[in-house]
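Trainee: My questions all concern the structure below.
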Amino acid sequence: MIAQRSQEGTHVIPDEIVTDGDALRQAEVICQTLREDDDGVRREVLAHAGSRWSLGILHALGVYGTMRHAEIKKQMAGVTQRMLTKTLRSLERDGLLIRREFDEKPLRVEYELTSLGMALLTRMSPIWTWVVENAEDFREARRTFDSQVRKNPWRTK
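Written out as structure tokens, the structure reads:
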């Protein structure tokens, strides 16, 4: 489901209507929880949500199911071998995917989403949709900003 603006000052979040004030209070509680995250696990897992490679891997496994390393790499244009391996290990460590080794020659390894991985993927879909739907607004904001900077590169406001 997509969070949408239903009327001025309110947002529709799956099965509930939240005012801007409620959303800001909820964000404040979440940010406080992240600040109090002693071992950093919440922030580290949250970083997957903003990572191009993590999301790409989760998406590939969500769409295509169980995949081998080389199959994932084919779906990830531009990823290096090192970055793919590093990201797969990080996702595995956080319980978002399972790595299975098969006792074969040559060694066969497959990756599969866990229920946590699928939950993260499904929760990211509304964000992706929002970004896609608002891409032109982002482009316009960048054009405006860049134009202002060109006119006054030393601006302080």
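In numbering that gives the first Met the number 0, the protein residues as written are 0 to 156. Glycine included, each C-beta is placed from N, C-alpha and C at the ideal position.
(1) Given a cut-off of 9 Å, decide if residue 74 and residue 55 are closer than it, judged by their beta-carbon atoms.
(2) Rounded to a whole number of angstroms, what is the C-alpha to C-alpha distance between residue 79 and residue 18?
(3) Relative to the alpha-carbon of residue 42, which residue among 30, 114 and 52 has its alpha-carbon at the smallest distance?
(4) Using the rule of at least 16 other Cβ atoms within 10 Å of the residue's Cβ for burial, across every protein chain shown, is residue 44 buried or exposed?
(5) Any idea what DSSP makes of residue 35, helix, strand or coil?
(6) Which runs of the beta strand (DSSP E), 3 residues or longer, sit entirely within the region 64-127?
(7) Candidates 34, 72, 108 and 115: which alpha carbon is nearest residue 47's?
(8) Using DSSP's beta-bridge definition, name the partner residues of residue 157.
(9) Residue 61 and residue 120 - do their beta-carbons sit closer together than 9 Å?
(10) By alpha-carbon positions, which one of 50, 104, 140 and 91 ends up nearest to residue 110?
(11) Does the Cβ of residue 89 have 16 or more other Cβ atoms within 10 Å, making it buried, or fewer, making it exposed?
(12) Express the C-alpha separation of residue 144 and residue 174 in angstroms, rounding to a whole number.
Mentor: This is what the structure gives:
(1) Yes.
(2) Between residue 79 and residue 18, the C-alpha separation is close to 43 Å.
(3) Across the set 30, 114 and 52, the C-alpha of 30 shows the shortest separation from the C-alpha of residue 42.
(4) By the neighbour-count rule (16 or more Cβ atoms within 10 Å), residue 44 is buried.
(5) DSSP, reduced to helix, strand and coil, places residue 35 outside both helices and strands of the structure shown, so it counts as coil.
(6) For the region 64-127, whole beta strand (DSSP E) runs of length 3 or above, ordered along the chain, are 96-101 and 107-112.
(7) Checking every option, the nearest Cα to that of residue 47 belongs to 115.
(8) In the structure as shown, the chain starts at 0 and stops at 156, and residue 157 therefore has no counterpart that could be examined.
(9) A contact, by the Cβ cut-off of 9 Å.
(10) Answer by Cα proximity: 91.
(11) Answer is buried; the Cβ neighbour count reaches 16.
(12) Since the first residue of the chain shown is 0 and the last is 156, residue 174 is not available in this structure.
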